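Asks:
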Amino acid sequence: MKRLIRIATVTAFVAVACSFWASGRNLPQILRAAVTKDPQIVEAQANQRVAQSTLEQTEAELWPKIRAGVNQPVLNSGKYKFTPGVEAEWRLYDFGATRAGIERDRVKTQYYKHKTSETAEELAFQIASDYLEALQARESLRVAKENLARHEHIVKQLRIILEYDSGRRSEFTQAEARQIQVQETIISYERSLGLALRRLARYVDPPVTEGELADPFAEMPITDILNKYKVSEEDALAHPSYRAQARELESIQAALKAAERSRYPAVGLKGEANTNDSSVYLTMSVDVFNKATTPTIELQRHQAQAAQAKLDQIHDSLVQRAEVAALQMREDQSRIEISESQARALEQVVVDYEDQFKIATRTLLDVVNAYSELASVKQLRVQAQYDLMKAKLDYLSATGNLAQWAKIPDVSKAGDPEADQENNKDKKKDDLSKEQRDAIDRLQAQRDNKLAELEEKRGEIGEKAYQEGR
Numbered sequence: 004m005k006r007l008i009r010i011a012t013v014t015a016f017v018a019v020a021c022s023f024w025a026s027g028r029n030l031p032q033i034l035r036a037a038v039t040k041d042p043q044i045v046e047a048q049a050n051q052r053v054a055q056s057t058l059e060q061t062e063a064e065l066w067p068k069i070r071a072g073v074n075q076p077v078l079n080s081g082k083y084k085f086t087p088g089v090e091a092e093w094r095l096y097d098f099g100a101t102r103a104g105i106e107r108d109r110v111k112t113q114y115y116k117h118k119t120s121e122t123a124e125e126l127a128f129q130i131a132s133d134y135l136e137a138l139q140a141r142e143s144l145r146v147a148k149e150n151l152a153r154h155e156h157i158v159k160q161l162r163i164i165l166e167y168d169s170g171r172r173s174e175f176t177q178a179e180a181r182q183i184q185v186q187e188t189i190i191s192y193e194r195s196l197g198l199a200l201r202r203l204a205r206y207v208d209p210p211v212t213e214g215e216l217a218d219p220f221a222e223m224p225i226t227d228i229l230n231k232y233k234v235s236e237e238d239a240l241a242h243p244s245y246r247a248q249a250r251e252l253e254s255i256q257a258a259l260k261a262a263e264r265s266r267y268p269a270v271g272l273k274g275e276a277n278t279n280d281s282s283v284y285l286t287m288s289v290d291v292f293n294k295a296t297t298p299t300i301e302l303q304r305h306q307a308q309a310a311q312a313k314l315d316q317i318h319d320s321l322v323q324r325a326e327v328a329a330l331q332m333r334e335d336q337s338r339i340e341i342s343e344s345q346a347r348a349l350e351q352v353v354v355d356y357e358d359q360f361k362i363a364t365r366t367l368l369d370v371v372n373a374y375s376e377l378a379s380v381k382q383l384r385v386q387a388q389y390d391l392m393k394a395k396l397d398y399l400s401a402t403g404n405l406a407q408w409a410k411i412p413d414v415s416k417a418g419d420p421e422a423d424q425e426n427n428k429d430k431k432k433d434d435l436s437k438e439q440r441d442a443i444d445r446l447q448a449q450r451d452n453k454l455a456e457l458e459e460k461r462g463e464i465g466e467k468a469y470q471e472g473r
């Protein structure tokens with residue numbers, strides 16, 4: 004009896020494990036795992052740290068500079084005396100040139116932060132696009148295999164008929180030729196599926212399998228997407244691409260200000276002390292003639308104009324992409340409904356034609372043409388479904404909500420321990436299935452109850468000991 008119970012327990016465990024692994028990973032889980040570890044994100048985070056170091060270096064210009072050195076004459080008419088000394092410099096006032104440089108680099112750090120978020124959005128969009136292409140190829144392959152099964156069925160019937168009626172060999176040959184054409188189509192779809200999965204394998208480890216592919220927006224109707232992620236002026240201004248370009252414009256404007264202020268005098272203090280004497284100077288320096296100053300300022304002005312034009316272009320592009328995607332979603336949904344109605348009607352036509360072919364009221368050409376027409380309509384349905392998923396993806400990307408939908412951690416917070424800890428908690432929880440999360444919640448509740456019982460018993464024991472002591 005115990006052995007049977009043990010076998011049943013192991014079997015149940017294996018069944019649960021198999022069902023878990025069969026479910027595979029969904030697209031948000033794939034994006035979370037792929038984006039955070041991709042070399043493009045690592046490079047963007049490194050650029051953030053470079054910008055931060057550059058800012059710290061510029062801020063250090065506000066502090067005095069102190070140098071220590073020695074003078075040892077090697078050719079002198081006097082004494083060859085070893086003379087140590089100290090020299091200090093401090094810039095007191097430069098008409099805001101240093102402050103403008105600090106502001107330029109400070110905005111530059113914000114630019115690279117938003118650039119990292121933009122890179123994550125673009126990378127997630129690219130991975131999701133490859134995922135949808137693989138899903139489309141798999142569904143097209145499934146339709147082609149269904150078409151092949153119908154052709155194999157009619158060829159099998161003709162082979163039986165040919166045994167009793169050799170005069171119908173031409174029909175048998177024609178059916179086999181159509182079957183070979185379908186097989187060639189299957190090879191083409193298998194190639195497309197393999198290439199799409201191979202492109203995904205560049206980002207995802209372990210690679211995505213064919214069984215893991217599923218419609219990521221199946222539970223997101225069009226109305227829910229449009230209501231939750233709306234297209235507005237405020238949303239466009241919050242897009243990572245727009246915010247990155249806005250910081251780039253501010254950085255160029257600050258660099259222009261710094262270049263203009265560099266033409267003004269710089270006032271400072273300079274002190275020198277050695278074993279012979281010491282002195283303090285009030286210094287002032289200004290470029291009397293520097294031909295490169297004017298072209299540098301003009302360069303910054305032209306760059307600011309270009310950055311402003313690009314900012315306007317990004318805003319218009321984001322709004323237009325979102326509006327077009329919203330219209331495309333509704334159109335694709337209508338195409339799906341129409342193709343489904345056509346497919347249902349053609350499936351009945353195929354059945355009727357096959358029955359009529361058996362009693363010689365329909366030719367083989369009518370039957371195989373019905374097969375082809377049904378397969379074409381189903382392929383149109385697959386294409387419409389792909390276009391709908393792609394439109395939803397475009398809409399999320401245009402509104403800057405793709406990372407939010409997939410719950411991708413904020414990769415722009417590189418080196419922030421609190422943010423990393425919070426992101427890791429969210430990632431671990433999101434990677435689990437609903438059943439696993441529910442099981443964890445139940446275990447945590449049981450643990451809390453046990454701890455409460457232990458605390459209660461500990462209090463009772465302490466109270467009893469206290470009474471006995473009295």
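Heads up: the sequence shown runs through residues 4 to 473, numbered per our numbering. No residue lacks a Cβ here, since even glycine has one placed at the ideal position from N, Cα and C. Everything numeric in this text was worked out from a predicted model, so none of it was measured.
Roughly how many angstroms separate the alpha carbons of Q51 and Y374, rounded to a whole number?
Replies: For Q51 and Y374, the distance between alpha carbons rounds to 58 Å.
Asks: Between the beta-carbon of Q186 and the beta-carbon of V385, is there less than 9 Å?
Replies: Their beta carbons are not under 9 Å apart, which means Q186 does not touch V385 by this criterion.
Asks: For K395, is the classification buried or exposed, using 16 other Cβ atoms within 10 angstroms of its Cβ as the cut-off for buried?
Replies: When all chains shown are included, K395 counts as buried.
Asks: Starting from G197, trace the alpha helix (DSSP H) both ways and give me its first and last residue.
Replies: Start and end: R172 to A204.
Asks: Look at the Cβ atom of Q248, then the Cβ atom of A307, and state whether they are nearer than 9 Å.
Replies: Result no, Cβ atoms of Q248 and A307 do not sit closer than 9 Å.
Asks: Using CA atoms only, rank isn't needed, just tell me which of E64, P298 and V234 is closest to S320.
Replies: Ranking the options by Cα distance to S320, first place goes to V234.
Asks: Leaving out five residues before and five after E326 in sequence, what residues of the same chain have Cβ atoms less than 7 Å from its Cβ?
Replies: Taken in chain order, the residues that qualify are V234.
Asks: Run the CB neighbour count on H154, radius 10 Å, all protein chains shown included, and call it buried at 16 or more, exposed below.
Replies: Result: buried.
Asks: Once DSSP output is grouped into helix, strand and coil, what is the label at R52?
Replies: Helix at R52.
Asks: Hey, would you say A147 sits closer than 9 Å to T188, going by beta carbons?
Replies: For A147 and T188, yes; Cβs fall inside 9 Å.
Asks: I'd like the span of the beta strand (DSSP E) that includes I255, first residue to last.
Replies: Looking at the DSSP string, I255 is not in any beta strand (DSSP E); the run it does join, the alpha helix (DSSP H), is P243 to R264.
Asks: DSSP three-state label for I69, please.
Replies: Three-state DSSP puts I69 in a strand.
Asks: Which same chain residues, not among the five before or five after N150, have their C-beta less than 7 Å away from its C-beta?
Replies: V185, Y374 and A378, listed in sequence order.
Asks: Please classify R109: is it buried, with 16 or more other beta-carbons within 10 angstroms of its beta-carbon, or exposed?
Replies: With 16 or more other Cβ atoms within 10 Å, it is buried.
Asks: For H305, count neighbouring C-beta atoms within 10 Å of its own C-beta (all shown protein chains included) and say buried if the count is 16 or more, exposed if not.
Replies: By the neighbour-count rule (16 or more Cβ atoms within 10 Å), H305 is not buried but exposed.
Asks: Excluding the five sequence neighbours on either side, which residues of its own chain have a C-beta within less than 7 Å of the C-beta of R181, listed in chain order?
Replies: Within the same chain, R181 has close Cβ partners H154 and V371.
Asks: Compare the Cα-Cα distances from E64 to each of D290, R28 and I105 and report the closest residue.
Replies: When only C-alpha atoms are compared, the closest one is I105.
Asks: Exposed or buried, R152, counting other C-beta atoms within 10 Å across all chains shown (16 or more means buried)?
Replies: Note that residue 152 is Ala in the sequence shown here, rather than Arg. Label assigned to A152: exposed.
Asks: Closest by CA to K361, which one among T226, H156 and K116?
Replies: Checked all of T226, H156 and K116; the closest Cα to K361 is H156.
Asks: Please determine if the segment 347-366 and the segment 264-271 are in contact, where contact requires at least 3 C-beta pairs separated by less than 8 Å.
Replies: Judged by Cβ distances under 8 Å, the segment 347-366 makes no contact with the segment 264-271, as fewer than three pairs qualify.
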